[in-house]
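Please read the structure below before turning to the comments.
Numbering (our numbering), first residue to last: 5 to 761.
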């Protein structure tokens, strides 16, 4: 609670409000002040302390004042100060009911705007609800901020994302070897577009070197006379077995003896002169010999043919073709041709082998029956040839592999979808752009913002569900409590269907008034053409009653009110006596549940009746009164103030008539109405019950003048006095200039005359 007000300077009429020092407050503190003395300013100071709002204080700086705005409250042994344009700390556990509350949460004049219903919902939610709502609002604010940041980043990313959307682009995962992969697909697209040209490119083929069959050559060279004779004997025996009987060999042996002395064959007469003994087998021997020579000749021819010009021509053709193929495919780094063979080396080895073989066979042919061993030259040539063949086989493996790669490439290109390749290239190019450091940073930041947004939206949904459940339960109790107070106040209307609606994401209350069984909407949908609207059905007292019911009901349903300071400014303004009593009772009940109740009013009687409900040590009474051009706050005796008010006014009027003006002419003019209201209310307490001011009293008297004796005969004088004094009860801005003594004195004398008579 606020224990004391230490300093109050430079704010409105409270220019130096505590000239006698600090004033102490109690759990129940009432502050009396006439209108325009600073009650609203004090309430605004309390509201500013609750909100920590320095501008609210600075905006009320005293005109032409010599003090800067300063406030010093002592609350729970702590100092809460406003100086140099700012509070040192706020004290949010202060709730204020004043005209600002009405204009902010209920209505402005006769209008109920959307902002009123939004603010009323926030007020109704209480500390827990407001905390939830602020959490939601903060998340909404951050989400909006994230959306702006994401739009900014998306605008930058979109400059690089084509043909993808920003969302698709940021999700791309660039491959580590993106450049190589891009080159590969671009090359594949180029290949697919030039497939016909690739089909015409030469393809390498394996190089086939002839197999010399050195074993066969060696066998031919190793033939000798013994081989021929053995062959002849084999053939003779074969002939005997095939042509003669079992005695054929003996017969031939005997014939051979005969042949030693004969010159011709005894069977056919053919000459056999000059033939050696072995020529007895001539027919067979000559055949074997000639066959040997043919074999040698055939082998020689085979060598010449196998290793001759035709062979070399084919080898040269293949090597030339493969060289051309390698050059034709040189733009394909993915095709790995084998290293080219040394053409001259192959020719040299081939020629050397051929020449060595021909040399050996030629020598053999000149001496067919002589056994010839392989020469060293032929051995060396054969060894070199074997090495060349091994290298050629290795070369051929590479040729076959690259040929298979070419065949595979051609087959795959034949079925390629050009559109798909183009899409791959677009994607890879986008991935490459995505991997650039500046763009990658943008994308990462975008993704982080998106993740934060997603998290906040989920948290917001959770909080909103919690708030909706809380609000549903709260508003049900709140509506019931409002109607209880309206019933206590005898308002003649009630609240129905207190709900929450969301317009463009902003929650607000939606309610209707029930007046004499008819629903009146306050959402702007009223049937004004039929006269059924908030504007046309609610009096000023009704609006104030509704606002007070909203305020008190909110405090009643709050479970944590024990820690709060409640400030109520002019709760009975525009209220009749019945509602004044109900308000007094409600405030007395409220004081039992809050930490501190501070009530400000221009009605001293209302304040006196309120504090009578409590022990003397529980309450304190203060007064804000005029002091020169400004106002001061000091302790007062509320009972004495109420007891002497009428007499003070009467004495002031008498002194004016007797002593003349003292510069207080406007105050005297205002006292005329105050005097008559007190006088008539005391003389006719029953007849004028419910009349709020002199104008109401005159209307009552006019209805039955006879019931009011001589006063009923002076209605015209009462009208003159009311018309004269009423303007001096207006706000300073609307108040006329002070009357002259010539105008004022007759009016004072007339009022005193009516009051006395």
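In this text, a Cβ means the ideal position worked out from N, Cα and C, and glycines have one as well. What you are looking at is a predicted structure, and each value in this text was computed from that prediction instead of being measured.
Is there at least one non-hydrogen atom of the ligand HEM closer than 7 Å to the beta-carbon of residue 561? Looking at this structure, you won't find the ligand HEM or any other ligand, since it has none at all.
Where do the ends of the beta strand (DSSP E) carrying residue 670 lie? Unbroken run through residue 670 is the alpha helix (DSSP H), 669 to 687; no beta strand (DSSP E).
Proximity winner among 505, 726, 485, 507, relative to residue 499 (alpha-carbon distances): 485
With DSSP as the reference, identify every bridge partner of residue 85, one or two as the case may be. 76
What residue from 207, 108, 448 has the CA that sits closest to residue 326's CA? Of the residues 207, 108, 448, the one whose Cα lies closest to the Cα of residue 326 is 207.
Assigned secondary structure, residue 742 (DSSP; H/G/I helix, E/B strand, else coil): coil
Report the rounded CA-to-CA distance for residue 311 versus residue 214, giving the unit in angstroms. The alpha-carbon separation between residue 311 and residue 214 amounts to approximately 7 Å.
What would DSSP say about residue 762, mapped onto helix, strand or coil? Here the chain covers residues 5 to 761 and nothing more, so residue 762 does not appear.
Identified DSSP bridge partners for residue 101: DSSP, once it has assigned bridges, lists 572 as partnering residue 101.
Does the count of Cβ pairs from the stretch 48 to 66 and the stretch 15 to 34 closer than 8 Å reach three? yes
I'd like the list of long-range same chain contacts for residue 4, defined as Cβ closer than 7 Å, with 5 residues on each side in sequence excluded. Residue 4 cannot be examined here, being either before or after the span of the chain that is shown, 5 to 761.
Could you have a look at residue 523 and say whether DSSP puts it in helix, strand or coil? In this structure, residue 523 counts as strand in the three-state DSSP scheme.
Specify, as a first and last residue, the run of the beta strand (DSSP E) that residue 503 falls within. 497 to 507
Does residue 487 pass the burial test, meaning 16 or more other C-beta atoms within 10 Å, or should it be called exposed? buried
In angstroms with no decimal places, state the Cα-to-Cα distance between residue 330 and residue 164. When the Cα atoms are used, residue 330 and residue 164 turn out to be separated by approximately 40 Å.
Just the C-alpha distance for residue 60 and residue 107, rounded to the nearest angstrom, thanks. One alpha carbon belongs to residue 60, the other to residue 107, and they sit about 16 Å apart.
So, with DSSP's three-state summary, where would you put residue 225? helix
Taking DSSP as the reference, what is the three-state secondary structure of residue 144? helix
Excluding the five sequence neighbours on either side, which residues of its own chain have a C-beta within less than 8 Å of the C-beta of residue 507, listed in chain order? 118
Excluding the five sequence neighbours on either side, which residues of its own chain have a C-beta within less than 7 Å of the C-beta of residue 590, listed in chain order? 489, 492, 556
Note the first and the last residue of the continuous beta strand (DSSP E) segment covering residue 631. 623 to 631
Straight-line CA distance for residue 81 to residue 149? 41 Å
On the DSSP bridge list, what partners appear for residue 511? In DSSP, residue 511 forms a bridge with 506.
Going by DSSP, what residue range makes up the alpha helix (DSSP H) through residue 561? Its alpha helix (DSSP H) spans residues 544 to 561.
Sort out for me which residues DSSP pairs residue 20 with in a bridge. 13
Distance between residue 392 and residue 425 (C-alpha atoms, nearest Å): 45 Å
Do residue 551 and residue 173 count as a contact pair if the criterion is CB distance below 8 Å? no
Can you tell me the Cβ-Cβ gap for residue 560 and residue 110, rounded? I've got them flagged as a contact below 8 Å. Not a contact, Cβ separation roughly 17 Å.
Rounded straight-line distance, which links the Cα of residue 432 to that of residue 201: 26 Å
Cβ-based neighbour list, residue 303, same chain, cut-off 8 Å, excluding 5 preceding and 5 following: 220, 221, 224, 365
Hey, how far is the Cα of residue 193 from the Cα of residue 410? 16 Å
Euclidean distance between Cα positions of residue 285 and residue 295: Residue confidence is low: residue 285 scores 48 on pLDDT, short of 50, so the model does not pin down where it sits. Its coordinate-derived value is still stated next. Each residue's alpha carbon lies about 15 Å from the other.
Taking Cβ positions, are residue 664 and residue 745 nearer each other than 8 Å? yes
If you drop the 5 nearest sequence neighbours on each side, which residues of the same chain put their C-beta closer than 7 Å to that of residue 127? 109, 558
In angstroms, rounded to a whole number, what distance separates the CA positions of residue 316 and residue 293? 33 Å
Counting only runs that start and end within the stretch 338 to 363, where is the alpha helix (DSSP H) found for 4 or more residues in a row? none
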